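There are 2 protein chains.
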Amino acid sequence: MKLGDGVEQAIHSMTMLATLPEDGVLSAAALAEFHGVSPSYLLKHLQALSSAGLVDTVPGPKGGYRLARKPEAITLLDIVLAVEGPQPAFRCREIRQRGPDPLPQRYFEKPCGIAAAMLAAERVYRAELKKTSIADLISDLKANDDGGIAARGCAFLEIHERKTAR
Amino acid sequence: MKLGDGVEQAIHSMTMLATLPEDGVLSAAALAEFHGVSPSYLLKHLQALSSAGLVDTVPGPKGGYRLARKPEAITLLDIVLAVEGPQPAFRCREIRQRGPDPLPQRYFEKPCGIAAAMLAAERVYRAELKKTSIADLISDLKANDDGGIAARGCAFLEIHERKTAR
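Residue numbers (our numbering), protein chains in the order written: chain A, 2 to 167; chain B, 2 to 167.
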């Protein structure tokens, strides 16, 4: 089981966008530069975040991305589902219905116990991801910052932030 | 995030092996036939289960596979880790350390809050998978069986089970 690298990139990008003032946006290129990642790869994930309604896209040469909701209202689960898709990790192929001399259909009305147990585990995983918001991540970062992290972010935003009407 | 089809195949195969008498084994070909899956693909997963110490391999033309432990002592987590590998789904690339004007190393002594939250969710996922054993799956199957499921399994074993010294 593996989550794509896009999940880490998307969460860090969302955290960066959460530090923008209300009228600010950042381009995909700036977000990619700040995180030292491939711009084209990050762009794909920003588009997924946009399709999921987590970021707003401001078009045009002075455009860019900003959060579509307050940081308190965006969870890790929202981001993981946006980037990785909504399907569960365990995808039951109903192999219990295959093979020689298959059983009558009435045995398969109830979901397979194996699929049920695997999906129960995914429910607790998702519930746990839902407990952490972008606002929580920022609080955590601030609690461990003596000023250096904030100063680096501010210096970057001073060069790259674009002002736009909201 | 996606688990390979091998997980479903491995769990069903382990459940089938749990129904064998103490001196019985099943070949990879028989397990593949029963579940209607590719023998070569299943063989790869049986080898992973063997490497993880979950099944014993009896070599030779009358050989095959049997559980290496009691069904009570084999959990869904054991099987998922055997087939998918022990690494967590979220693999932190430390992108917080990249980009322009990187921060001094002292800021990275504590794990990134994003990685910590993602890994906390994986811990609850794994803990949930650990709650279900092969014995639990068999109890659940029996509770929903009016005899048809057991009869099909027995008929198959009658043809395919191989007797071996234990």
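In this text, a Cβ means the ideal position worked out from N, Cα and C, and glycines have one as well.
Just so we're clear, the structure is a prediction, and the values are computed from it rather than from any experiment.
Residues bridged to residue i [DSSP beta-bridge criterion]
| i | result |
| --- | --- |
| A/Arg163 | A/Val26 |
| B/Arg67 | B/Asp57 |
| B/Lys3 | A/Lys3 |
| A/Thr76 | A/Ser134 |
Sequence-distant residues of its chain with Cβ nearer than 8 Å to residue i (five each side left out)
| i | result |
| --- | --- |
| B/Val8 | Ile80, Val81, Val84 and Glu85 |
| A/Cys113 | Cys93, Glu95 and Arg97 |
| B/Met2 | Ala90 |
| A/His161 | Leu27, Ser28, Ala31, Glu34 and Phe35 |
| A/Leu142 | Thr16 and Ile150 |
8 Å Cβ cutoff met for residue i and residue j
| i | j | result |
| --- | --- | --- |
| A/Val59 | A/Leu18 | no |
| B/Met15 | B/Leu68 | yes |
| B/Gln10 | A/Ile96 | yes |
| A/Arg163 | A/Ser28 | yes |
| B/Glu129 | B/Ala90 | no |
| A/Leu43 | A/Ala33 | yes |
| A/Ile115 | B/Ile12 | yes |
| A/Tyr108 | B/Val125 | no |
| A/Gly100 | B/Gly37 | yes |
Per-residue burial, residue i [other beta carbons within 10 Å of its own, 16 or more giving buried]
| i | result |
| --- | --- |
| B/Tyr66 | buried |
| A/Asp1 | With chain A covering 2 to 167 only, the question about residue 1 of chain A has no answer from this structure. |
| A/Ala118 | buried |
| A/Ala144 | exposed |
| B/Ala49 | buried |
Close Cβ partners of residue i (< 7 Å) along its chain, the five nearest in sequence each way excluded
| i | result |
| --- | --- |
| A/Leu120 | Pro89 and Phe91 |
| B/Lys63 | Arg163 and Thr165 |
| A/Cys155 | none |
Sequence-distant residues of its chain with Cβ nearer than 6 Å to residue i (five each side left out)
| i | result |
| --- | --- |
| B/Ala53 | Ala83 |
| B/Phe157 | Phe35 |
With a threshold of 8 Å, are at least 3 pairs of Cβ atoms found where one atom belongs to the region 132-140 of chain B and the other to the region 60-76 of chain B?
The region 132-140 of chain B is in contact with the region 60-76 of chain B.
If we count Cβ pairs, one from each stretch, closer than 8 Å, do we get three or more for the region 77-86 of chain A versus the region 15-26 of chain B?
no
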